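> Chains as they are written, first to last, in the numbering used here: chain A, 1 to 116; chain B, 117 to 231.
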């Protein structure tokens, strides 16, 4: 079974631009979560989508948005990029429909975004 | 919001020896899950072990085991017979049983294995 895939793997953008990152979950997984990883802040939760609906949201500004398609693929968009948005963006999928289940998340390799 | 604390930014262990990584968390919930993830230099996060809070028995996966102390809100990871491939960043993570797949991660412990 193929793992979580993320595209692109590396991206360089300029301040003020916008960017869209893509995540394809493991087949059968309906939950997709996004995390921002930086050396200073560690892993911070951005949001989770389940069945095309945002189920949870972290404490990030409205410039960060996402969506999920009917095939469970997800995209994350960051508008008006700032230097501080430079990070590794990780996507994770899970087959858990019920929050009370202990299913773990499977992570993708990440997209390394550099904002200059 | 829940917080997860890993107080050891770096640890080292001799090959074949045992090492314990510490993790504490803060929550008012009674039903939750705890995880240890490993992130090798290649950056792919891999699940090492998980623990359900309602289970008193400590989880074990081959050379990896946990010491789960619910009252103390402590969740340490013990790696026995350490191998060179164990070298990685280790993250402790918390997930509520009530709010979906929102994981709270600690800041990580970088483990070096000395040959």
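C-beta: ideal position from N, C-alpha, C; glycine also.
This structure is a prediction, so every number in the text was calculated from the model and none was measured.
Output needed for residue 43 (chain A): all residues of its chain with C-beta closer than 8 Å, excluding positions within five of it in sequence on either side, in chain order.
As a working note, residue 43 (chain A) is residue 43 in the first chain. 35, 36, 37, 90, listed in sequence order.
> Would you list, in chain order, the members of the region 209-225 of chain B that have their beta-carbon closer than 9 Å to a beta-carbon of chain A?
Cβ contacts with chain A: 209, 211, 212, 213, 214, 215, 216, 217, 218, 219, 220, 221, 222, 223, 224.
> Here's a check: name, in chain order, each residue in its chain whose Cβ is nearer than 7 Å to the Cβ of residue 148 (chain B), leaving out the five neighbours to either side.
Position 32 of the second chain holds residue 148 (chain B). These residues qualify, in order along the chain: 169, 210, 211, 212, 213.
> Suppose contacts are defined by Cβ-Cβ distances below 7 Å. Is residue 75 (chain A) in contact with residue 22 (chain A) by that definition?
Looking up residue 75 (chain A) in the first chain gives position 75. Looking up residue 22 (chain A) in the first chain gives position 22. Yes, the pair counts as a contact, with Cβ atoms nearer than the cut-off.
> What residues of chain C sit near residue 180 (chain B), judged by a beta carbon separation below 7 Å?
Although the question refers to chain C, the structure presented lacks it and instead comprises the protein chains A and B.
> Entirely within the region 139-197 of chain B and at least 3 residues each: give me those beta strand (DSSP E) ranges in chain order.
Listed in chain order, the complete beta strand (DSSP E) runs (minimum 3 residues) inside the region 139-197 of chain B are 140-142, 148-155, 162-168, 180-185, 190-195.
> Chain A partners of residue 207 (chain B), CB-CB under 9 Å?
Here residue 207 (chain B) is taken as the residue at index 91 of the second chain, counted from 1. Result: 42, 43.
> Between the C-alpha atoms of residue 20 (chain A) and residue 222 (chain B), what's the straight-line distance to the nearest angstrom?
Stepping through the first chain from its first residue, residue 20 (chain A) is reached at position 20. Stepping through the second chain from its first residue, residue 222 (chain B) is reached at position 106. Those two C-alpha atoms are separated by around 27 Å.
> May I ask you to check if the CB of residue 82 (chain A) is nearer than 6 Å to at least one heavy atom of the ligand ADP?
The model on display carries no ligand, and the ligand ADP is accordingly not part of it.
> Can you say whether residue 77 (chain A) is buried or exposed, counting buried as having 16 or more other CB atoms within 10 angstroms of its CB?
Taking the first chain and counting its residues from 1, the one referred to as residue 77 (chain A) is at position 77. Result: exposed.
> With a threshold of 16 other CB atoms inside 10 Å of the CB of residue 48 (chain A), please say whether the residue is buried or exposed.
Taking the first residue of the first chain as position 1, residue 48 (chain A) is located at position 48. It is buried - the Cβ of residue 48 (chain A) has at least 16 other Cβ atoms within 10 Å.
> I want to verify the contact list: residues of chain B whose CB lies under 8 Å from the CB of residue 109 (chain A), in sequence order.
Mapped onto the first chain, residue 109 (chain A) falls at position 109. 158, 159, 160, listed in chain order.
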